[in-house]
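**Q** Residue numbers (the working numbering), protein chains in the order written: chain A, 4 to 350; chain B, 38 to 362.
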Amino acid sequence: MSEVGDPSKETMLRGFRLMVLGRAADERGTNLQRQGRIGFYVPMNGQEAAQVGCGLALDAQDWILPAYRELGVALARGIPLKTLFDQFFGNSADLLKGRQMPCHYGYRDYRYITASSPIGTQIVLATGIAAASLYKGEKVVSVPFFGDGATSSSDFHAGMNFAGVYKAPVIFFLQNNGWAISLPREKQTRSPTLAEKAEAYGFPGVQVDGNDFAAVYKAVSQARARAVAGEGPTLIEALTFRMGPHSTSDDPTRYRKSEVVASWREKDPIDRLQSELIAKGWLDEAGAEKIHEEAKLEVQSAIDAAEKSPPPDPSTLFDDVFKEPTSLLEEQRREFLEMVSQGVLRP
Amino acid sequence: MTEVTLIQAVNQALKVAMAKDPDVILLGEDIGVNGGVFRATDGLYKEFGEKRVLDTPLSENGIVGMAIGMALQGLKPVAEIQFMDFIYPAFDQIVSEAAKFRYRSGGEFPAHIVLRTPYGGGIKGGLYHSQSTEQLFTSTPGIKVVIPSTPADAKGLLLSAIFDEDPVLFMEPKRIYRTATGEVPAGDVRIPFGKARIAKEGSDVSVFAYGSMVPQTLQAANVVEKMGIHAEVVDLRTLVPLDVDAIVASVEKTGRAVIVHEAPKFSGFGAELSATISERCLYSLKAPVLRITGYDTPFPYALENLYLPSVDRIARGIERTATSA
Chain A
4 MSEVGDPSKE TMLRGFRLMV LGRAADERGT NLQRQGRIGF YVPMNGQEAA
54 QVGCGLALDA QDWILPAYRE LGVALARGIP LKTLFDQFFG NSADLLKGRQ
104 MPCHYGYRDY RYITASSPIG TQIVLATGIA AASLYKGEKV VSVPFFGDGA
154 TSSSDFHAGM NFAGVYKAPV IFFLQNNGWA ISLPREKQTR SPTLAEKAEA
204 YGFPGVQVDG NDFAAVYKAV SQARARAVAG EGPTLIEALT FRMGPHSTSD
254 DPTRYRKSEV VASWREKDPI DRLQSELIAK GWLDEAGAEK IHEEAKLEVQ
304 SAIDAAEKSP PPDPSTLFDD VFKEPTSLLE EQRREFLEMV SQGVLRP
Chain B
38 MTEVTLIQAV NQALKVAMAK DPDVILLGED IGVNGGVFRA TDGLYKEFGE
88 KRVLDTPLSE NGIVGMAIGM ALQGLKPVAE IQFMDFIYPA FDQIVSEAAK
138 FRYRSGGEFP AHIVLRTPYG GGIKGGLYHS QSTEQLFTST PGIKVVIPST
188 PADAKGLLLS AIFDEDPVLF MEPKRIYRTA TGEVPAGDVR IPFGKARIAK
238 EGSDVSVFAY GSMVPQTLQA ANVVEKMGIH AEVVDLRTLV PLDVDAIVAS
288 VEKTGRAVIV HEAPKFSGFG AELSATISER CLYSLKAPVL RITGYDTPFP
338 YALENLYLPS VDRIARGIER TATSA
């Protein structure tokens, strides 16, 4: 029996493809950094079901506010791989003009807010967007993504509290991946669960198995229906695990045991969804293998294309500080470009 | 044209903007039913309703983050931070989010917000109701910093701020909220950013000031006038963007420069002005640049009148700079 919010066969298969594509892109992202071809990378490995499940349950007009690990959400949103790899390379085709570290992207066309690095700031922004959506009469939700560490931030408190007060249509999507760099979840808060924090703000908080695509999809669908019906926000705590390092600058062997990582490998969200689809007769081994192979080729062609673009033009350094540059910025740009043309500064 | 106080001019600007554009929304602590602790939003809740004048929970990072989010979704929010001394919980939102949004998104997500905040001493407010920390924000690329000194400027600059597509920190000199009076044009009359105002013309020495220090400096200029010293008082109005041309023109004319601000001297905005003058018009100078500022201490309570640049201290500084060989 299907219930409200259960994903259809098509959604399940689409989710599987996106998760596989995300895993393939993610592995290459890490490798490109190791090879010195990009400067940095933030892997999402292990969190594909939480991210794609959430992303597919949302409407194209809903607002996404990522932390910086949400490749699965970006793909579910339909952001092309080439666009993302242009950002990772920080090249002249990058719509962010090479201004940010890899993984800190965002695009207005996808209502996907450009990420920043400080922890938790996007949680309040999401409430502000939702309050504005209410004011404008748009039936859309805002979804901030954040981790267990962010629940200790003052902006988590402010965003949750304001959303409760204004009954703002927000789905606070918390990926509890067990670790905030080296700090385990148990040391982040004495609270038995993170979901129960919602109760103090006057709205529901639910825990969901974050490695179960269908369960995440359903929880988000129900929270979304609630929000657009004017019933206010929901906190969803998706229980998952960060299989890799916090970022390419991190070495998780310093702070966690390999047995714990191995136990979560048994719960791999992609293997799990693949088994479910095969058990339902919606996919077979050969079909799954084909999806994995196609994903690798798709990623390779995006990388090939992105790597061809040259770095951003130096003159763009001074754009977008303000809508129009100040006279002092224009003066700095002139002096800078003169040094570039004289070869004093070499790109 | 009617005579109003500076805070009434702020109120008028908000009212004009809200009547003109339904996307203009106010939010802050005690600004609704209560009309703001200084009454800047008096009557607006009644006129425009609770959907456009939001009383917020007591959280500055919440207020500023909400405002930025509203701007991302197309509104033009004007947030009030009750005292500038309480802006720091929102520092992350201002510096990491508002100031960098346009740049970090390649121009896709500008943060069209105004943060209004009363600043400065002279009201017996002690450590935490008196500070002027404009330099924390002028040193952050991506945010404009505006400080009016007259009712007409308060109204015209605030209207510009509300319709400007970049984030604006609008610092209101609370000490002269009710003592600065003057005529204000009716309706949506805006004053552009980046244009300093010659508050008093003079030929012997240039004195640069902004906000509450402008009336003090004008009084000091009148004192030295009696000694035959003709001081030119330049009201900078906006620190970012800065009217460098006006500064250079005045110093090239007089050959002497004095800078007055309430904030502490060390690394204060006066240092930027002094460096600008030395970089661009050193050879016009006939005397060292002088800074008359608050001292490099936390803001005092009982001794605040001695701490703040007074008319006598400013007059003495102008006189010495004007007469040094």
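Quick reminder that beta carbons are idealized off the backbone N, C-alpha and C, glycines included.
Can you tell me whether DSSP reads A:F149 as helix, strand or coil?
**A** If DSSP states are grouped into helix, strand and coil, A:F149 belongs with the strands.
**Q** Taking B:K88 as the query, report the chain A residues whose CB atoms sit under 9 Å from its CB, ordered along the chain.
**A** Result: L137 and Y138.
**Q** At what residue ranges does the region 88–171 of chain A contain a whole run of the beta strand (DSSP E), taking only runs of 3 or more?
**A** Taking only runs of at least 3 residues, the beta strand (DSSP E) segments lying wholly in the region 88–171 of chain A are 145–150.
**Q** Between the region 108–132 of chain A and chain B, which residues of the former have CB atoms less than 7 Å from a CB of the latter, in chain order?
**A** Answer set for the region 108–132 of chain A: G109, Y110, R111, I116, T117, S119, P121, T124, V127, L128, A129, T130, G131 and I132.
**Q** For B:L194, collect the residues of the same chain with a Cβ closer than 6 Å to its Cβ; drop the 5 residues on either side in sequence, then sort them by chain order.
**A** The answer, listed in chain order, is V183, P185 and I228.
**Q** Can you round the beta-carbon distance between B:R153 and B:F207 to whole angstroms, since I take them to be within the 8 Å contact cut?
**A** Indeed, because the Cβ distance is near 5 Å, the residues count as touching under 8 Å.
**Q** How should B:F303 be labelled, buried or exposed, when 16 other C-beta atoms within 10 angstroms of its C-beta is the threshold for buried?
**A** Counting Cβ neighbours within 10 Å, B:F303 comes out exposed, since fewer than 16 surround it.
**Q** For the region 85–110 of chain A, list every residue whose C-beta sits within 8 Å of some C-beta in chain B, in sequence order.
**A** So the close ones are D97, L98, L99, K100, R102, Q103, H107, G109 and Y110.
**Q** Less than 7 Å separating the beta-carbons of A:G25 and A:L84?
**A** Taking 7 Å as the Cβ cut-off, A:G25 and A:L84 do not qualify as a contacting pair.
**Q** Indicate whether A:P236 and A:F206 have their beta-carbon atoms separated by less than 7 Å.
**A** In contact: A:P236 and A:F206 (Cβ atoms closer than 7 Å).
**Q** What distance in whole Å lies between the Cβ atoms of A:Y115 and A:A60, which are believed to be in contact at a cut-off of 8 Å?
**A** Not really, about 15 Å apart at Cβ, beyond 8 Å.
**Q** Assign B:Y156 to one of three DSSP states: helix, strand, or coil.
**A** It is a strand residue.
**Q** Is A:A118 closer than 7 Å to A:P69 when the C-beta atoms are compared?
**A** In this structure, A:A118 lies closer than 7 Å to A:P69 by Cβ.
**Q** At 8 Å on the CB atoms, spell out the chain B contacts of A:G162, in chain order.
**A** Neighbours of A:G162 on chain B, chain order: G99 and G102.
**Q** Residues of chain B with CB closer than 8 Å to the CB of A:S330, please, in chain order.
**A** Here the neighbours are G231, P278, V281 and D282.
**Q** Can you tell me whether A:P187 is helix, strand or coil according to DSSP?
**A** DSSP places A:P187 in strand when its eight states are reduced to three.
**Q** Are B:I351 and B:T254 closer than 7 Å when you measure CB to CB?
**A** In this structure, B:T254 lies closer than 7 Å to B:I351 by Cβ.
**Q** Report yes or no: is there a C-beta of chain B within less than 7 Å of the C-beta of A:K326?
**A** Yes, because at least one Cβ of chain B sits closer than 7 Å to the Cβ of A:K326.
**Q** List the residues of chain B whose Cβ lies closer than 9 Å to the Cβ of A:A183, in chain order.
**A** Result: empty, since nearest Cβ-Cβ is about 17 Å, beyond 9 Å.
**Q** B:V285 and B:F245 look like a contact to me (Cβ under 8 Å); what is the Cβ gap, rounded to whole Å?
**A** Actually they do not touch by this definition, with Cβ atoms about 11 Å apart.
**Q** Exposed or buried, which one is A:S278 when buried takes at least 16 other CB atoms within 10 Å?
**A** Classification of A:S278: exposed, given that the 10 Å Cβ count is below 16.
**Q** Going by the DSSP bridge assignment, what does A:T329 pair with across the sheet?
**A** Looking at the DSSP assignment, A:T329 forms no beta bridge with any residue, so it has no partner.
**Q** Grab me the residues of A:Q225's own chain with a C-beta within less than 6 Å of its C-beta, minus the 5 sequence neighbours each way, in chain order.
**A** The answer, listed in chain order, is G8.
**Q** Where does B:F146 sit, in a helix, a strand or coil, going by DSSP?
**A** Here B:F146 sits in coil by DSSP.
**Q** From A:N179, A:E240, A:G101 and A:R227, pick the residue whose C-alpha is nearest to that of A:G208; which is it?
**A** Nearest of A:N179, A:E240, A:G101 and A:R227 to A:G208, Cα basis: A:E240.
**Q** What is the DSSP secondary structure of B:P252, reduced to helix, strand or coil?
**A** Three-state result, B:P252: helix.
**Q** Taking Cβ to Cβ, would you say B:D203 is nearer than 7 Å to B:K237?
**A** Going by C-beta atoms, B:D203 is not nearer than 7 Å to B:K237.
**Q** Mark B:K232 as exposed unless 16 or more other C-beta atoms lie within 10 angstroms of its C-beta, in which case mark it buried.
**A** Exposed is the call here.
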